[in-house]
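In my numbering, the protein residues as written are 99 to 421.
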């Protein structure tokens, strides 16, 4: 078994700490599926944006490259909704499903390489592999409730194959994201121990700005993760941006690890109408406050765009000029 991590010699955590000595915060990418959709590809399938991995890989790669161009230090694979179970249910063989998951990471790496060749950008750049929650596979909004009724062992069994494929696909870090359930946190940490060279960040979903989606206190989950050496950052994602400041403060009470936040645009998906409602607010509007209370990795989630990352880049440049 081999692992390919660009910064393995000094450790990903050390790399993050080192980079954060040079910049006030790291920039994470934004939404992938809605960017794929903006480029004319339907994401209405149960696989969401992951359906484009097989049918429109060039579009996926272009989206990834657009985020590097906008200033992202970390770009995440289009594997949030992709599982072997879900892919086989759509008619792919198990081997085809495995290859699609590997492809999700390969496309980010290719976009990274193309961007570096074109731009001569010397910044250290990350590739993250998205490990979405069990609720994403269910396709019923379970990632915003977390009431799966599944044990730690059952969740480990669900995640194991995809986790192993992504851990060995060449990403620098695994993004265990939109996690609503404490049992799911425990399951993924247990799997992480099986790949001792792998590193991961954990970000929770929260619907009230205080708890994980299933109702567990955020601080309890953070304290559980804080002791894990392989966990390089802890935070929240897919949240209303107005919850960000309070959640960062809450997380900071229980860890000294870098805090990661990537919020939604502020719009809300209405499953009855099948459309996004409300008004979008740029994450740039919140970023400086998030930084002031402790955020170290900032990006966007649903409905955010490369244009918003350019705002984050401008904010970082201004902050660095004041140093």
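All residues carry an ideal CB built from backbone N, CA and C; glycine is no exception.
No experiment lies behind these values; they were computed from the predicted model shown.
Proximity winner among the options, relative to residue i (alpha-carbon distances)
i           : options            : result
residue 333 : 255, 355, 246      : 355
residue 117 : 281, 171, 301, 271 : 171
residue 134 : 121, 113, 165, 320 : 165
residue 280 : 255, 301, 314      : 314
residue 225 : 345, 346, 296      : 296
Integer-rounded CB distance, given that residue j should sit under 8 Å from residue i
i           : j           : result
residue 242 : residue 311 : 5 Å
residue 183 : residue 235 : 6 Å
residue 126 : residue 396 : 6 Å
residue 155 : residue 205 : 6 Å
residue 231 : residue 277 : 5 Å
Residues that DSSP places opposite residue i in a beta bridge
i           : result
residue 302 : 277, 334
residue 360 : 335, 397
residue 172 : 126, 224
residue 309 : 315
residue 272 : 227, 298
residue 329 : 298
Spatial neighbours of residue i in its chain, beta-carbon cut-off 6 Å, leaving aside the 5 residues before and after
i           : result
residue 100 : Caution applies to residue 100, whose pLDDT of 40 falls short of 50 and renders its modelled position unreliable; the value that the coordinates give is listed next. Around residue 100: no qualifying Cβ.
residue 360 : 126, 335, 397, 398, 399
residue 411 : 169
residue 363 : 378, 401, 402
Beta-carbon proximity list for residue i, same chain, < 7 Å, skipping 5 on both sides
i           : result
residue 386 : 413
residue 349 : 316, 320, 332, 333, 357
residue 163 : 209, 212, 213
residue 263 : 196, 199, 200
Cβ neighbour criterion (16 or more within 10 Å) applied to residue i
i           : result
residue 294 : exposed
residue 189 : exposed
residue 275 : buried
residue 325 : exposed
residue 238 : exposed
residue 176 : buried
residue 107 : Below a pLDDT of 50, predicted positions are generally treated as unreliable, and residue 107, at 43, falls in that range; the measurement from the model is reported next regardless. When all chains shown are included, residue 107 counts as exposed.
residue 270 : buried
Any non-hydrogen atom of the ligand ATP closer than 6 Å to residue i Cβ
i           : result
residue 238 : As far as ligands go, the structure on display features none, and thus does not contain the ligand ATP.
Chain-order list of residues whose beta-carbon lies under 8 Å from that of residue i (same chain, five-residue window excluded)
i           : result
residue 249 : 281
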